[in-house]
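Residue numbers (my numbering): 500 to 1248.
Glycine is no exception: its CB is placed at the ideal position from the N, C-alpha and C atoms.
These numbers were taken from a predicted model, which means no experiment stands behind them.
Below: one structure, written as C-alpha cells.
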DNA sequence: ATGGACAATGTTTTT
DNA sequence: CATTGTCCAT
C-alpha cells in the first residue's frame, strides 16, 4: 500500500485512492496522468480486491494501451490477466464480434481503413452518377464520418442544403456497399456498439454489470459516439474514472469534442474533480510560456502549472531569413550541442505544423550528412505493396470484399482493364452476386467443363479468359483456406502461397533501390505474420486494421526526430524545436476566420511547447516557400503572447547574401558527431541512403560545379541503366536530382 | 491495356 | 514543388 502510493503527490494519491463513483481528473501536461491511471488500476486490484475481469481501461492508441499494461503488470507483479484493456476501436470490435447476431454483418466482418473508405465513397458517388469534381470523396466522407461520430444514422441525417442531400444519398449508398462487403469502417465500430447498447437493454446490462470499474485516458479526445458508449457501459456501477485536459484537445476535425469534459460534469454532478497541476517534465520557463499561450483561450478551467525543477534555460526565439536558413539553424544548433557533448542526438525533436515542412529540414540534415528519424510521413500499412498484399488476404478471407478485389485483380497486371471490370460488374449485378462470388462461380462452371453458357452474356470471350485465370487463383486460395490440404493454414502460409502464385516479388522488386525497399517491406509483413502465427486470418486482419503507425514508432536509435505537432502529443523530449511559427503556418491559413479552429491551433502550439523538458527553440522566418514560390510571412500571432522576459536575446537574422555565402560546417566535425551505430536518416518510402560507390565518378561528398545552379555537394549516387543518378545539394537552390551524363558537371577540388 | 505526357491541386490524421 | 489524376498515343 505504502509502496503503491510512494512517490505520488497529494493530488495524485487522492485520485488513485478516491472512493468509487464518477471521477474527473483534469491533468495538465507532464502531470503524471498515466501514473495515476496505472496506479489506480493497481490500487483497485491490489487493495480493493477488484477482479481484473471487472475492469475496463480504454485508450486511443495501441501504444498507450501497451504501455499501460506493462506498467500495471510491473506494479502488481503480474496479476493483471483478465483486465479489458485496449483502444476504443479494438474493444468495440471485440464486443461486436461477440454480439454479431444483432448486427447487419456477420461476426467475421472486416474493418475498412481510411483508404478503403475513400474508395468506397468514390464508388458510391459514381453509382449515384454524381459529379466527382464537385463532391470530392474526401469532403463527402468527412461529412459522413462526422455524422457517424455524432451517432447520426442515414435516416436521421438532416438536410438543409442541396449539398447535405448529396451527402445523405452517398451515405446511404456507402452503407449499402459496406454491408455488401460484410464490412464496417472505423466509425461504425463505435456507432454500432453505441447503438447496440442503446437498443438492446439486455446486452447493455450484461456489459454494464461486468465492467465494475471503467477508466478512460485522453478523455478530451472522445467524440459523441464514444461518450454515449461509455455512459452505457457505466450505467450500472457508475464507477467511471476519466482523465483529460481540454487544453490538449487537438483532434476536433476528427470528431473529438473537449466539451465532453463539461458534459461529464453535468451528467455526473456528484463527480469528484481532481486537478493535477504539478509538472514533472518541463522547466518553469517552458511552463510559463505554455501558460501564456493557452491563457488566451476563453472558457477554460485555469490551471497553474508549476514545477520544482527551477526556471531553467531561457527560450530561444530565432528569426530566420527564410525557411532554408531556419532548417540550417536547427541542424547547426544540434551539431554544435552534440559536438560540445552537451546533448546527444536523440535528445532533439523538431516539430512542425504540416508534413510538407519536413522537406527543408530533411535537406538540411542530408546536406550536413547527419542522420535523422522522421515520424509519420508514410505509414507502413499505407504503402502500396503492403496494401496490395493485405487486399489479397482480405479477398481470400472474404470474396465479397469488392474494394480489395478491385485493388488486386489487375495487380500485377493481368490484362484486366476498365472494359473487363465493367463487364464483370454488369454481369454480377445481373446475377445478383458480388463480383467475387461471380468469379468463384465462374471457376466452378469451368471446372465442371460447362463451356461458358449464355448466362455470362455480358462477358466477351477475351475478358472471360483473363477473369477465369484470376478466378482459378482465388478459388485456389479459398480451398487452401478451407483446409483442403489438411489443416487450415496460418495467415503466413496463405501469404506465402499468394506471393508465390502471383509472383509478387518479380512484380515489385525491379532491381532499383526503391524496388528492393518495397520487397523489404513485404518481408517485414511476412515477419509480422510469422509473429502472429497463432492467430487466425480474421484476427490477423483485425490486428492490422487497428494498428497505426504511431504504434510502430521506435525511439531506440539515437538520432533527432522530426514529427508533426499532432504526432508529438503524449511524448516528451529534452530539447524541442518548433519551426515555421509564422501566421498562416501555425495558426494555419484555413483556421484564421474560424474562432473554434483558431483555439485549436493555439492548443496545438501549447501541446508542442509542453513536450520540451529542458530547452525550447521557437523559430519563424521572414520569408518562406509555399508550393515552391517564396512568400513574405508574418511571425505567428501566438508569439506575441509569450512575455519577452522568457526569451534569450534574439539573435539577428543573417541576410540572404550572408547565408548563401556561408560555409558548411567543417567535415571533421560531422565525423565526430556521427553516432556509433551509424543509422542513416531515412524518409520512409523513399530512402535516400548515402551509398559509397567506389566505381562512381561522383561519389558522395564530391564538390561539383553546375552551369545553372553553381557549386553543390553530391549527397547520393546510384547507377541506373548504365548511367548515374546523383542527388546534389546546391546552396541557395536546394536538393536536385540529375543524370550525370546530361548535367554538365565539373568536379571541384 | 498500358505507359507517358499534361493539368489540377494542395492541413493536421490516435483508429 | 511534388503528388495525383486524366487524356492520348501506342
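Assigned secondary structure, residue i (DSSP; H/G/I helix, E/B strand, else coil)
i: residue 656; result: coil
i: residue 644; result: helix
i: residue 545; result: helix
i: residue 700; result: helix
i: residue 829; result: helix
i: residue 804; result: coil
i: residue 1246; result: strand
i: residue 636; result: helix
i: residue 757; result: coil
i: residue 1146; result: strand
i: residue 503; result: helix
i: residue 1010; result: coil
i: residue 1087; result: strand
i: residue 1210; result: strand
Alpha carbon of residue i to alpha carbon of residue j, nearest angstrom
i: residue 925; j: residue 1077; result: 54 Å
i: residue 961; j: residue 973; result: 19 Å
i: residue 931; j: residue 923; result: 12 Å
i: residue 654; j: residue 704; result: 27 Å
i: residue 1119; j: residue 1088; result: 16 Å
i: residue 606; j: residue 898; result: 16 Å
i: residue 1082; j: residue 1122; result: 11 Å
i: residue 994; j: residue 1036; result: 10 Å
i: residue 988; j: residue 535; result: 44 Å
i: residue 528; j: residue 834; result: 29 Å
i: residue 831; j: residue 1202; result: 20 Å
i: residue 1130; j: residue 819; result: 14 Å
i: residue 552; j: residue 713; result: 11 Å
i: residue 1115; j: residue 785; result: 7 Å
i: residue 793; j: residue 708; result: 40 Å
i: residue 863; j: residue 826; result: 6 Å
i: residue 896; j: residue 526; result: 44 Å
i: residue 590; j: residue 823; result: 45 Å
i: residue 632; j: residue 1112; result: 47 Å
i: residue 1095; j: residue 867; result: 41 Å
i: residue 572; j: residue 505; result: 17 Å
i: residue 803; j: residue 502; result: 29 Å
i: residue 892; j: residue 990; result: 8 Å
i: residue 852; j: residue 1071; result: 17 Å
i: residue 1143; j: residue 689; result: 46 Å
heavy atom of the ligand GTP below 8 Å from residue i C-beta
i: residue 817; result: This structure simply doesn't include the ligand GTP, nor any ligand for that matter.
Per DSSP, the bridge partner or partners of residue i
i: residue 1098; result: None; residue 1098 has no bridge partner.
i: residue 523; result: 741, 772
i: residue 1072; result: 1111
i: residue 592; result: Looking at the DSSP assignment, residue 592 forms no beta bridge with any residue, so it has no partner.
i: residue 777; result: 805
i: residue 1124; result: 1129
i: residue 475; result: Since the first and last residues shown for the chain are 500 and 1248, residue 475 lies out of range.
i: residue 1077; result: 850, 1117
Span of the beta strand (DSSP E), counted from its first residue to its last, around residue i
i: residue 767; result: From DSSP, residue 767 is part of no beta strand (DSSP E); its letter is neither H nor E.
i: residue 948; result: First-last for residue 948: undefined, no H or E at that position.
i: residue 1205; result: 1202-1205
i: residue 814; result: From DSSP, residue 814 is part of no beta strand (DSSP E); its letter is neither H nor E.
i: residue 975; result: Run containing residue 975: none in the beta strand (DSSP E); it sits in the alpha helix (DSSP H), 960-980.
i: residue 1061; result: 1060-1063
i: residue 894; result: Unbroken run through residue 894 is the alpha helix (DSSP H), 883-896; no beta strand (DSSP E).
i: residue 557; result: 554-558
Boundaries of the alpha helix (DSSP H) in which residue i is found, first to last residue
i: residue 864; result: 857-866
i: residue 1250; result: Residue coverage of the chain in this structure runs from 500 to 1248, which leaves residue 1250 outside it and unanswerable.
i: residue 515; result: 509-516
i: residue 611; result: Counting along the chain, residue 611 falls outside any alpha helix (DSSP H), though it belongs to the beta strand (DSSP E) covering 609-611.
i: residue 924; result: 917-930
i: residue 997; result: 990-1000
i: residue 682; result: Run containing residue 682: none in the alpha helix (DSSP H); it sits in the beta strand (DSSP E), 682-684.
i: residue 585; result: Element bounds for residue 585: not the alpha helix (DSSP H) but the beta strand (DSSP E), 583-586.
i: residue 575; result: 561-575
Cβ-based burial, residue i [other Cβ within 10 Å; buried from 16]
i: residue 1030; result: exposed
i: residue 1246; result: exposed
i: residue 1086; result: buried
i: residue 530; result: buried
i: residue 1125; result: exposed
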